Each structure stands twice: as C-alpha cells, then as structure tokens.
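Going by the UniProt record's numbering, the sequence shown opens with residue 2, and the numbers climb by one from there. C-beta atoms are modelled at their ideal positions from N, C-alpha and C, and glycine is treated no differently. Predicted model only: the values in this text are computed from it and were never measured. Presented below is the structure to which this report refers.
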Amino acid sequence: SLSIGIVGLPNVGKSTLFNALTKNDALAANYPFATIEPNVGVVGVPDSRLDKLAAMFESAKVVPATVDFVDIAGIVRGASEGEGLGNQFLANIRECDAICQVIRVFNDPDVTHVDGDIEPSRDIETINTELILADLQTLDKALPRLERDAKRNAKDKTAQEVLAAARSARDVLDQGVGLSVGAAPAGIDLALLRELNLLTVKPFIYVFNVDTDELGDPGLRAKLSELVAPAEAIFLDAKIESELAELDDAEAAELLESMGQTESGLAQLARVGFATLGLQTFLTAGPKEARAWTIKKGATAPEAAGAIHTDFQRGFIKAEVVSYDDLVEAGSMQAVKAAGKARMEGKDYVMADGDVVEFRFNV
Ligand code: GDP
Numbered sequence: 002s003l004s005i006g007i008v009g010l011p012n013v014g015k016s017t018l019f020n021a022l023t024k025n026d027a028l029a030a031n032y033p034f035a036t037i038e039p040n041v042g043v044v045g046v047p048d049s050r051l052d053k054l055a056a057m058f059e060s061a062k063v064v065p066a067t068v069d070f071v072d073i074a075g076i077v078r079g080a081s082e083g084e085g086l087g088n089q090f091l092a093n094i095r096e097c098d099a100i101c102q103v104i105r106v107f108n109d110p111d112v113t114h115v116d117g118d119i120e121p122s123r124d125i126e127t128i129n130t131e132l133i134l135a136d137l138q139t140l141d142k143a144l145p146r147l148e149r150d151a152k153r154n155a156k157d158k159t160a161q162e163v164l165a166a167a168r169s170a171r172d173v174l175d176q177g178v179g180l181s182v183g184a185a186p187a188g189i190d191l192a193l194l195r196e197l198n199l200l201t202v203k204p205f206i207y208v209f210n211v212d213t214d215e216l217g218d219p220g221l222r223a224k225l226s227e228l229v230a231p232a233e234a235i236f237l238d239a240k241i242e243s244e245l246a247e248l249d250d251a252e253a254a255e256l257l258e259s260m261g262q263t264e265s266g267l268a269q270l271a272r273v274g275f276a277t278l279g280l281q282t283f284l285t286a287g288p289k290e291a292r293a294w295t296i297k298k299g300a301t302a303p304e305a306a307g308a309i310h311t312d313f314q315r316g317f318i319k320a321e322v323v324s325y326d327d328l329v330e331a332g333s334m335q336a337v338k339a340a341g342k343a344r345m346e347g348k349d350y351v352m353a354d355g356d357v358v359e360f361r362f363n364v
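Structure representation (structure tokens):
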C-alpha cells in the first residue's frame with residue numbers, strides 16, 4: 002500500500018506524533034499488520050459516510066480506508082553527506098510515496114533545539130536543502146550512465162529524453178530549488194526520471210507542531226501556511242494527539258472541543274495524506290461491515306473489484322453502483338433501486354468517489 006514518510010529535525014516531536022499514530026487501538030484491531038512493522042503506523046481516514054452506511058445496513062463493524070505512516074530517523078544538517086543516520090534514512094524515504102515534514106513551533110525550554118532557537122522557516126530550509134543535495138547526488142551518480150545510454154542508442158528517443166530531463170532537473174536543483182510536483186519546473190517531464198526515485202519530486206505535507214494555546218491562532222496559521230504553500234499545512238500539538246489517542250471517542254471529542262477543535266490533528270493528517278497520495282474511496286456495505294476501499298483516482302470498475310480481491314478483478318462481469326448521496330436521500334438500497342438510481346456499470350466504468358458498489362463476478 003501507499004505510504005508517507007515522516008521526516009524532520011531531531012526534537013521536533015516526530016516520535017511523539019508517531020506514537021500517537023500507532024496508539025490508534027480501534028484500527029489495530031482491524032489491521033493486525035499494524036504491529037508487524039515497528040516503524041509503520043496505520044491510520045484510519047475519518048469518513049462519516051461509513052457510520053451512516055453502517056446504521057442503514059446494520060453492519061457489525063466499520064472499516065475505514067487507511068494511510069501508512071513510516072517513522073524515519075531524524076534528519077540533521079549534512080545527512081546527505083552521511084551525517085547522523087545519513088544514507089540509511091535517505092533509503093527509507095526513497096521508498097515512501099509522499100513525505101510529511103514535522104516542524105517545531107512549540108516552546109519548551111526543557112527540550113533543546115538542534116539549532117538553538119525556534120525558527121520554522123530555517124528548519125524547513127534545512128530539511129529541503131538536505132533533500133535537494135541528496136537528489137543532486139542521485140543525478141550525478143546516474144548521469145554518466147544516462148549519457149552512455151543516449152550515446153549508444155542514438156536513435157532511441159526515450160534515452161535522449163531521459164538524459165535531457167536529468168540534465169534539466171540537475172540545473173534546477175543546482176539553483177537550490179526542489180522538483181516538487183506542485184511547482185514542477187516547466188519543461189521537465191519528471192515521469193521520465195521515475196526510476197531514480199528522486200526525493201524532491203514526492204508530494205509534501207507539512208505538520209506544524211504547535212503549543213495548544215496557539216493552535217487556534219489564525220495569524221500564526223496564515224504565516225506558517227504561507228511558508229509552505231502550495232503544499233498542505235496541518236497544525237497540531239503532538240503531545241495532545243498522543244493523549245487523544247488513548248481516550249474513547251466521547252472523551253476525545255470533549256477534549257478537542259475544550260481546545261476549540263472539531264477534529265484531531267491525526268484525523269486531519271490522515272485525510273490530507275490520503276488526498277495527497279492521489280487516492281479515493283469506494284464503499285461497500287452489508288450486515289458484516291461498512292467499508293471504504295482505497296483506489297487511485299481514475300481507477301476502473303474491475304480495478305476497484307481488484308482492491309477487494311484479485312479474483313473479483315479477473316472474473317469481473319458488472320458493478321451495481323449507487324452514489325452515496327442518492328442512497329442517503331432515498332433512505333435504503335431498496336428505495337434507491339425503486340427510484341431507478343442504481344446503475345449497472347461495465348468494465349470501462351471509471352469509479353467516482355463515494356460510489357457504493359456491489360460487484361458481479363465469475364469465479
Ligand atoms: P523527535 O526527536 O522529533 O522524535 O522528537 P520527540 O517526539 O522525541 O520529542 C522531543 C521532546 O519534545 C520530548 O521530550 C517530547 O515530549 C517533547 N515534545 C514533543 N512534542 C511536543 C509538543 O507539542 N509540546 C511540547 N511542549 N513538547 C513536545
């Protein structure tokens with residue numbers, strides 16, 4: 002499944018946040034694999050549609066879509082040159098599909114900052130610089146090979162294009178600018194460089210670890226959001242998140258309300274992470290469970306069936322599809338069918354977010 006790597010300087014609250022992620026008991030029960038890999042936390046994507054479906058179908062349980070978060074050792078200045086855990090950590094983020102940077106905003110004289118004081122913009126710069134340097138190294142290592150390929154296969158258009166893209170990417174990075182997809186430099190086809198697994202190409206999310214009493218400060222939020230735009234910014238207090246993860250739903254809601262929040266930071270992080278990965282969900286419901294399944298945007302009906310079971314994809318015949326909104330408006334599956342709003346879709350159907358589906362297949 003797709004994963005998001007958590008990076009940041011030491012002492013910014015990464016472990017605290019990660020522990021909160023892995024304390025998600027409700028999920029651990031549904032996802033036993035959550036505990037198999039010690040550095041992977043599986044977080045449910047909040048989805049109020051599931052509770053409604055569960056009520057309508059009298060489902061025994063609710064199973065949300067999930068996002069995997071990977072805890073990656075802290076980055077220090079010089080990591081790209083092998084400082085700290087250096088290359089090990091770089092190898093770990095290379096395997097992730099998106100990167101989540103935690104940035105310290107909280108004040109606590111008892112927790113030292115590696116660079117002396119609290120300065121989010123400098124910290125963001127430090128991490129970005131390390132990622133850029135790592136990508137420069139990757140390109141410098143790959144370029145001689147790409148040049149040989151292009152020379153040897155003078156008629157191979159792709160080899161020429163890959164080389165040109167690698168050179169352009171190197172020029173951009175050399176100016177201290179990342180290749181992030183949000184602001185992709187004009188004229189570089191980053192898809193050609195996919196095999197290099199460049200870090201600054203990956204989608205980014207920024208998590209600002211803020212003191213509770215500053216969480217609701219709109220001025221601070223605006224200032225910090227601006228630092229990272231157009232990437233998404235999330236604001237949370239990692240210490241509170243780890244407390245929230247230990248409370249039951251009602252208690253957690255009460256604590257959140259007392260802080261003027263409606264949703265936990267982790268829930269926001271899961272939602273934003275899910276969207277950043279380019280994913281969407283379709284829904285199934287019955288007496289056993291109401292469940293959200295993860296697919297890529299643009300997935301077809303057979304691909305969606307494959308998310309449930311590969312046999313469903315192989316033997317796909319049809320999908321009976323109802324949109325969630327139509328279903329809720331009608332009040333029951335029977336009523337929505339009577340209203341003529343259930344559609345039989347074939348193998349070319351492109352799934353929409355929130356489709357409620359039943360597959361017909363041969364086994
Ligand atoms: P990491 O090195 O980035 O993994 O940072 P840790 O999660 O280990 O946190 C470093 C120290 O900061 C620990 O003593 C945490 O308890 C503390 N800490 C983490 N998050 C917060 C926070 O939001 N507020 C305060 N006051 N302390 C925090």
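Collapsed DSSP secondary structure at residue i in the structure displayed
{"i": "R195", "result": "helix"}
{"i": "A339", "result": "helix"}
{"i": "N129", "result": "helix"}
{"i": "E59", "result": "coil"}
{"i": "G79", "result": "coil"}
{"i": "M260", "result": "coil"}
{"i": "D116", "result": "coil"}
{"i": "I235", "result": "strand"}
{"i": "S4", "result": "strand"}
{"i": "K158", "result": "helix"}
{"i": "Q102", "result": "strand"}
{"i": "Y207", "result": "strand"}
8 Å CB neighbourhood of residue i in its chain, flanking five on each side removed
{"i": "K24", "result": "S243, A246 and E247"}
{"i": "A306", "result": "F313, Q314, F317, A320, F360 and F362"}
{"i": "T113", "result": "N12"}
Under 8 Å between C-beta atoms of residue i and residue j
{"i": "L174", "j": "L191", "result": "no"}
{"i": "V273", "j": "I235", "result": "yes"}
{"i": "G6", "j": "N93", "result": "yes"}
{"i": "S257", "j": "S265", "result": "Per the sequence shown, the amino acid found at residue 257 is Leu instead of Ser. For L257 and S265, yes; Cβs fall inside 8 Å."}
{"i": "E321", "j": "A302", "result": "no"}
{"i": "K298", "j": "Q314", "result": "no"}
{"i": "F58", "j": "P204", "result": "no"}
{"i": "D136", "j": "L228", "result": "no"}
{"i": "P64", "j": "R292", "result": "Residue identity differs from the one stated: residue 64 is Val in this sequence, not Pro. Cβ atoms of V64 and R292: closer than 8 Å."}
{"i": "I100", "j": "V8", "result": "yes"}
{"i": "T295", "j": "A143", "result": "no"}
{"i": "S60", "j": "A253", "result": "no"}
{"i": "P121", "j": "L22", "result": "no"}
{"i": "D356", "j": "S333", "result": "no"}
Which listed residue (the options) has its alpha carbon closest to that of residue i
{"i": "G117", "options": "F209, P11, D349 and D136", "result": "P11"}
{"i": "L132", "options": "V63, V178 and A291", "result": "V178"}
{"i": "D218", "options": "R171, R146 and V106", "result": "V106"}
{"i": "E359", "options": "A308, E252, G220 and T213", "result": "A308"}
{"i": "E196", "options": "Q176, I206 and A166", "result": "A166"}
{"i": "K348", "options": "F275, R146 and A300", "result": "A300"}
{"i": "D98", "options": "L267, L22, D124 and L3", "result": "L3"}
{"i": "I125", "options": "A230, L194, D141 and L51", "result": "A230"}
{"i": "Q102", "options": "V71, A268 and L193", "result": "V71"}
{"i": "K158", "options": "Q176, I206, D141 and L193", "result": "L193"}
{"i": "D141", "options": "K156, D172 and R123", "result": "D172"}
{"i": "L270", "options": "N108, P110, Y207 and D109", "result": "Y207"}
{"i": "I352", "options": "A336, Q335, V364 and E304", "result": "Looking at the sequence itself, residue 352 is Met, so the reference to Ile does not match. Here the closest residue by C-alpha is E304."}
Through-space distance from residue j to residue i, alpha-carbon basis
{"i": "V44", "j": "V68", "result": "5 Å"}
{"i": "F283", "j": "A223", "result": "34 Å"}
{"i": "residue 369", "j": "V163", "result": "Only positions 2 to 364 of the chain appear in this structure, which leaves residue 369 out of reach."}
{"i": "L54", "j": "Y350", "result": "23 Å"}
{"i": "N20", "j": "M345", "result": "44 Å"}
{"i": "A340", "j": "D326", "result": "13 Å"}
{"i": "residue 365", "j": "E255", "result": "Here the chain covers residues 2 to 364 and nothing more, so residue 365 does not appear."}
{"i": "A170", "j": "I189", "result": "7 Å"}
{"i": "A56", "j": "E96", "result": "39 Å"}
{"i": "K62", "j": "H310", "result": "20 Å"}
{"i": "D52", "j": "I73", "result": "33 Å"}
{"i": "L267", "j": "V115", "result": "25 Å"}
{"i": "A331", "j": "K338", "result": "9 Å"}
{"i": "Q176", "j": "P145", "result": "21 Å"}
{"i": "E233", "j": "I104", "result": "13 Å"}
{"i": "D354", "j": "D48", "result": "12 Å"}
Cut-off 6 Å between Cβ atoms - residues of its own chain near residue i, not counting five sequence neighbours on either side
{"i": "A239", "result": "G14, T17, L18 and N210"}
{"i": "R78", "result": "T127"}
{"i": "A30", "result": "Because the pLDDT of A30 is 44, which lies under 50, any placement of that residue in the model is unreliable, and the number read from its coordinates should be weighed accordingly. Within the same chain, A30 has no close Cβ partners at all."}
{"i": "A151", "result": "A160, Q161 and L164"}
{"i": "E215", "result": "L221"}
{"i": "R50", "result": "Y325"}
{"i": "E290", "result": "S60, K62 and V64"}
{"i": "N198", "result": "R95"}
Own chain partners of residue i with C-beta closer than 7 Å, once the 5 adjacent residues on each side are dropped
{"i": "T213", "result": "D238, I241 and M260"}
{"i": "F275", "result": "V46, A66 and V68"}
{"i": "L147", "result": "V163, L164 and A167"}
{"i": "V329", "result": "K53"}
Residue-chain proximity (residue i, chain B), Cβ-Cβ < 8 Å
{"i": "F70", "result": "In the structure shown, chain B cannot be found, because there is only a single protein chain."}
Subject >> Beta carbon shell of the ligand ADP at less than 5 Å from a heavy atom >> reply: Summarising the ligand content, the structure contains the ligand GDP and does not contain the ligand ADP.
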